[in-house]
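Working notes, beginning with the structure itself.
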Amino acid sequence: MRTKLALAFLSCVIFSSHSMGQNQLQGDPEAVALIEKMLARLGGKDIWSRSRSLYIEYHGWRKNPAQAVIEKAWRDLQQPNQRMEIEGTLSDLILVFTPDSSWISRNGEVRAGDESAHRADLDFWPYDFYTVIHNLATADQRLVLEFEPPMRVNILNQDREDWGWWEIDDTGAPIRWGANYEGEVLEYVYGPVRSFGNVSFPAWGTAVDGFWRFEYVEVDVDSNPIPDSYLRYPQ
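With numbering that gives the first Met the number 0, letter number 161 in the sequence shown gets 160, and the count goes up by one each step, no holes.
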């Protein structure tokens, strides 16, 4: 499924529907410079802007219920499609959402997703950590960057509404990220950046309240969307 973008660049260029190739990031010069440095540190804005989907494998620990888990996630970066597979010591879970619907498989038992949870996932998708990296790389013109000393970038839309924030160190590595989800604050801390092949990414991350603590095992961007078969409701 995951064709390396380094080869795809020779034949295919994909742009977000909200961006054009010549756009520039908007906002405070200090904030723009920090985001440009972060994108370069993560592998370069060219590869992230041309990416259509992202595959991630995490090994970590979740609470509620407390258990070790292996999580695999396929995330579309241009429209709200996502599949997450969570293999735990206590239970196994598959979570899928698309613009039209969602479904859940828990220990092999499949059911349609809750409508309110589906709406919350769709509402949050533009603000998600991974989606925003792609949108920043494309210089999405919905976004305005605001600098907050010493090293924080607040991301706003054109109406000055909050789209989250990043704290970035002198090397361009993301240290912390936060956003609002259903009226609650999500905040994560990230470890040192390392290479994952054609991109770089933090080696690990943790929610500040400890509910999800993980190491990144694989991070790979792709010029293709998530296959429909990964999203389709099981028959």
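Glycine included, each C-beta is placed from N, C-alpha and C at the ideal position.
The alpha helix (DSSP H) enclosing residue i, as first and last residue numbers
i, result
"residue 30", "28-40"
"residue 115", "114-123"
"residue 101", "Here residue 101 belongs to no alpha helix (DSSP H); instead the beta strand (DSSP E) covers 101-105."
Residue i classed as buried or exposed, judged by whether at least 16 other C-beta atoms fall within 10 angstroms
i, result
"residue 63", "exposed"
"residue 67", "exposed"
"residue 42", "buried"
"residue 88", "exposed"
"residue 65", "exposed"
"residue 20", "Any reading at residue 20 is ruled out, since the residue's pLDDT is 46, under 50, leaving its predicted position unreliable."
"residue 134", "buried"
"residue 179", "exposed"
"residue 75", "buried"
"residue 219", "buried"
Supposed contact pair residue j and residue i - C-beta distance, whole angstroms, cut 8 Å
i, j, result
"residue 51", "residue 221", "6 Å"
"residue 126", "residue 162", "5 Å"
"residue 165", "residue 152", "5 Å"
Which residues DSSP lists as bridging residue i, in chain order
i, result
"residue 66", "61"
"residue 193", "200"
"residue 71", "56 and 84"
"residue 76", "Partner(s): none; residue 76 has no beta bridge."
"residue 212", "60 and 205"
"residue 164", "153 and 177"
"residue 94", "83 and 103"
"residue 291", "Past the edges of the chain, shown from 0 to 234, lies residue 291, and the structure says nothing about it."
Spatial neighbours of residue i in its chain, beta-carbon cut-off 8 Å, leaving aside the 5 residues before and after
i, result
"residue 215", "55, 56, 57, 195, 200, 201, 202, 203 and 204"
"residue 27", "144, 145 and 146"
"residue 98", "78, 79, 80 and 121"
"residue 209", "62"
Beta-carbon contacts of residue i that lie in its chain and below 7 Å, excluding the five residues immediately before and after
i, result
"residue 138", "18, 22, 23 and 24"
"residue 124", "79 and 130"
"residue 267", "With the chain covering only 0 through 234, there is no way to say anything about residue 267."
"residue 90", "105 and 106"
"residue 9", "Per-residue confidence for residue 9 stands at a pLDDT of 32, beneath the threshold of 50, marking its modelled position as unreliable; the derived number appears in the next sentence. Nothing meets the Cβ criterion."
Closer than 7 Å: residue i CB and nearest the ligand COA heavy atom
i, result
"residue 211", "Among the ligands in the structure shown, none appear at all, so the ligand COA cannot be discussed."
Endpoints, beta strand (DSSP E) assigned at residue i
i, result
"residue 179", "173-180"
"residue 144", "142-147"
"residue 159", "Taken as a continuous stretch (DSSP letters only), residue 159 belongs to no beta strand (DSSP E), as it is neither H nor E."
Cβ-based neighbour list, residue i, same chain, cut-off 6 Å, excluding 5 preceding and 5 following
i, result
"residue 112", "101, 102 and 103"
"residue 72", "55 and 83"
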